[in-house]
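Per the working numbering, residue 1 is the first one in the sequence shown, and the count goes up by one each step. One structure is given below, encoded as structure tokens.
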Amino acid sequence: MMSEVVEQARREIAFCESVLAKGGLNVLTETLRDADGVTVWTHYPQGDVFDPETGAQWFYHSHAVDEPEAAIEHGHFHCFVRPEGADGPIHHLIAIGVDAYGRLVRLFTVNQWVVDDDWLDAEPTIGLLDRFDVHMSRPSYLVNRWLTGVIAAHEGEIVALIRERDVRLAEHDTDVRQDRAVEVISELRLR
1 MMSEVVEQAR REIAFCESVL AKGGLNVLTE TLRDADGVTV WTHYPQGDVF
51 DPETGAQWFY HSHAVDEPEA AIEHGHFHCF VRPEGADGPI HHLIAIGVDA
101 YGRLVRLFTV NQWVVDDDWL DAEPTIGLLD RFDVHMSRPS YLVNRWLTGV
151 IAAHEGEIVA LIRERDVRLA EHDTDVRQDR AVEVISELRL R
């Protein structure tokens, strides 16, 4: 039986998508609505989104169209938690890939060099998942709630991906967290 938390998160995802769709929008178009154009690697919104109450933070960016993932994925949301506030350490939780229509396509973990976060091993990272709860009106309350819902609805899969990340990194003889040849560590395709 599906837990009430997962069920509620799925309802929230569907609600956010439904409200956006009424205006001909989706989470991607809503995220990029104030952008004059989309430049690869640029963070949207500028300055990222940070909830000072929970420490949750996120940004969206896309990659060059000639990269292998571009045919499936427009870009992705990088989700973090800063448990000690805006000036404290930042910990990457998960990346949420979406297609050009804002539909969820994959969840994945990245190597430390990709986001230059303050590294935490799997179990402390997993302990921060519940802290990702963004209640901010800007840049879009619906996108903030959608991201919060995706993490809650897929918490079990995200936990498995974070644990897999550490297992795969441990398979190397040396510390590979700064090895630029190793970018995506674990992923789950959802579409």
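C-beta: ideal position from N, C-alpha, C; glycine also.
Task: Sequence-distant residues of the same chain with beta carbon closer than 7 Å to Val-143, five excluded per side - done: Residue numbering aside, residue 143 sits at position 143 when the sequence shown is read from its first letter. Val-27, Glu-30 and Thr-31.
TODO: Jot down the residue ranges of each uninterrupted beta strand (DSSP E) in the region 39 to 111, minimum 3 residues, whole runs only, in chain order.
DONE: 44 to 50, 56 to 62, 75 to 81, 91 to 98 and 104 to 110
TODO: Starting from Ser-18, follow the alpha helix (DSSP H) in both directions and report where the run begins and ends.
DONE: By 1-based counting over the sequence shown, the position of residue 18 is 18. Unbroken alpha helix (DSSP H) run through Ser-18: 4 to 22.
Open item on the list: By the DSSP assignment, the alpha helix (DSSP H) with Val-150 in it spans what residues?
Closed with: In the sequence shown, counting from the first residue as 1, residue 150 sits at position 150. Val-150 -> alpha helix (DSSP H) spans 141 to 153.
Task: Reduced DSSP secondary structure (H/G/I, E/B, other) of Leu-128 - done: Walking along the sequence shown from the start, residue 128 turns up at place 128. Of the three classes helix, strand and coil, the one that applies to Leu-128 here is coil, per DSSP.
TODO: For the beta strand (DSSP E) holding Leu-188, just list the boundary residues, first then last.
DONE: Looking up residue 188 in the sequence shown gives position 188. Leu-188 -> beta strand (DSSP E) spans 184 to 189.
Open item on the list: Please classify Thr-148 as buried or exposed, where buried requires at least 16 other C-beta atoms within 10 Å of its C-beta.
Closed with: For the purposes of this step, residue 148 is identified with residue 148 of the sequence shown, where counting begins at 1. Result: buried.
Task: Contact belief for Leu-169 with Arg-106 at Cβ below 8 Å, rounded distance in angstroms - done: Residue numbering aside, residue 169 sits at position 169 when the sequence shown is read from its first letter. Residue numbering aside, residue 106 sits at position 106 when the sequence shown is read from its first letter. Their Cβ separation, rounded to whole angstroms, is 19 Å, which puts Leu-169 and Arg-106 out of contact at 8 Å.
- [ ] Compute the Euclidean distance between the alpha carbons of Asn-111 and Asp-117, then round it to the nearest angstrom.
- [x] Position 111 of the sequence shown, counted from the first residue, corresponds to residue 111. Position 117 of the sequence shown, counted from the first residue, corresponds to residue 117. Spanning the two alpha carbons is a distance of roughly 9 Å.
- [ ] Give a yes or no on whether the C-beta atoms belonging to Ala-122 and Val-81 are separated by under 8 Å.
- [x] In the sequence shown, residue 122 corresponds to position 122, counting from 1. In the sequence shown, residue 81 corresponds to position 81, counting from 1. No; because the gap between Cβ atoms is not below 8 Å, this pair is not in contact.
Open item on the list: In the DSSP assignment, the alpha helix (DSSP H) including Thr-31 goes from what residue to what residue?
Closed with: As a position in the sequence shown, residue 31 is number 31, starting the count at 1. Start and end: 27 to 31.
Task: Backbone secondary structure at Ala-122 - three-state DSSP - done: Position 122 of the sequence shown, counted from the start, is the residue given in the question as residue 122. Helix.
Open item on the list: Mapping the DSSP letters down to three states, classify Val-114 as helix, strand or coil.
Closed with: The count along the sequence shown starts at 1 and reaches residue 114 at position 114. Three-state DSSP puts Val-114 in a helix.
Task: Span separating the alpha-carbon of Glu-53 from that of Arg-145 - done: The residue you call residue 53 lines up with position 53 of the sequence shown. The residue you call residue 145 lines up with position 145 of the sequence shown. Straight-line Cα distance between these residues: approximately 15 Å.
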